[in-house]
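Residue numbers (my numbering): 50 to 334.
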């Protein structure tokens, strides 16, 4: 059985056009190109939907938008299912507010469906915060300057100095909410409500691998060069996806994340050393 955490965008039922392309693509509930302008908390009671996804999968969906309560429910559902998967479940992929469950085509589909329904109902009736992490990463980041060209405007939007904004980032207890859009690419959050910042009005055609960008109370740490509508505030030497590394995608959904301030020279040295971990440290909790 394989477990992955939304390492492709096909794990939600939210469709939109990506900037710069005409093809309709499936994408996590908050795409790094910023199609969700604000992260909002719903006042409606949380519910779970069980939807067929093709011939061999179900989508268990807790919300249509990235509500923090639904994020906790999706993560708890995925964790519980991974601990005791029914026979015939071949893949579990958690996105921000939904979980894709892929089945062996020969499995007892109705038996699995009943199990998923019971588990989803138990989740929505229980604690809805994120489950405790089992691992914590500390990742060095250099902020501002050429490495973070939008730090000044982010700080201004927060009514903070650049140093104060960076202090808040480095003090935050963050989690990998999901991995998606590109292999190994983490969506990390949540920052306080003041950080519920919209995407930029114009698409940045290229940020480098290791760029740290921010919007809607979340960060994305790019594993490869990419376009984005989010604001770049820093740069890491850490690479979230390296095909030749074991494992190629070291981050997992639910991992705790701390960003540590580093100098531009430190990040340049770590990058020159050609260590894809880029000085990142992993603790088992």
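From the three backbone atoms N, C-alpha and C, an ideal C-beta is built for every residue, glycine too.
Values in this document were obtained by computation on a predicted structure and should not be read as measured data.
Non-local beta-carbon contacts of residue 165 in its own chain, meaning distances under 7 Å to residues more than five positions away in sequence, involve 99, 107, 109, 150 in chain order. If the five residues before and after residue 312 are omitted, its C-beta is found closer than 8 Å to the C-beta atoms of 191, all from its own chain and listed in chain order. Taking all protein chains shown into account, residue 163 has fewer than 16 neighbouring C-beta atoms within 10 Å of its C-beta and is therefore exposed. Only residues of its own chain outside the window of five on either side were considered, and among them 181, 182, 183, 184, 185, 305 have a CB closer than 8 Å to the CB of residue 334, listed in chain order.
For residue 173, the closest of 146, 195, 236 by C-alpha to C-alpha distance is 146. The continuous alpha helix (DSSP H) containing residue 202 extends over residues 200–207. In terms of CA proximity to residue 136, 160 leads the group 160, 329, 144.
The region 214–244 contains, as complete beta strand (DSSP E) runs of 3+ residues, the segments 223–228, 235–238 (chain order). Between residue 286 and residue 233, the gap from beta carbon to beta carbon reaches 8 Å or more.
Within 10 angstroms of the beta-carbon of residue 197 lie 16 or more other beta-carbons, which makes it buried. By the C-beta criterion, the region 233–249 is judged to be in contact with the region 203–221, since at least 3 inter-stretch pairs fall below 8 Å.
Proximity to residue 245 across 211, 296, 267 peaks at 267, based on C-alpha coordinates.
Around the C-beta of residue 208, fewer than 16 other C-beta atoms lie within 10 Å, and the residue is accordingly described as exposed. Distance from the CA atom of residue 210 to the CA atom of residue 132, rounded to whole angstroms, is 45 Å. Sequence-distant partners of residue 283 (beyond 5 residues in either direction) whose C-beta falls short of 7 Å from its own C-beta, in its chain, are 190, 191, 192, 196, 197, 261. Each residue's CA atom was taken as its position, placing residue 310 and residue 168 some 41 Å apart. With respect to the 8 Å criterion, residue 95 and residue 179 are not classified as neighbours on the basis of their beta carbons. In this structure, DSSP gives residue 126 a helical state, which the three-state scheme calls helix.
Between residue 300 and residue 225, the beta carbon gap of about 5 Å places them in contact (Cβ cut-off 8 Å). Cβ neighbours of residue 206 within its own chain (closer than 7 Å, five residues either side excluded): 246. Around the beta-carbon of residue 295, fewer than 16 other beta-carbon atoms lie within 10 Å, marking it exposed. The residue among 316, 113, 157, 252 with its C-alpha nearest the C-alpha of residue 104 is 157. Beta-bridge pairing by DSSP links residue 165 to no other residue. Annotated as proximal: residue 253 and residue 276, with beta-carbon spacing under 8 Å. The C-alpha of residue 321 lies about 18 Å from the C-alpha of residue 293.
Its Cα nearest to that of residue 116, the residue 265 stands out among 229, 279, 265, 278.
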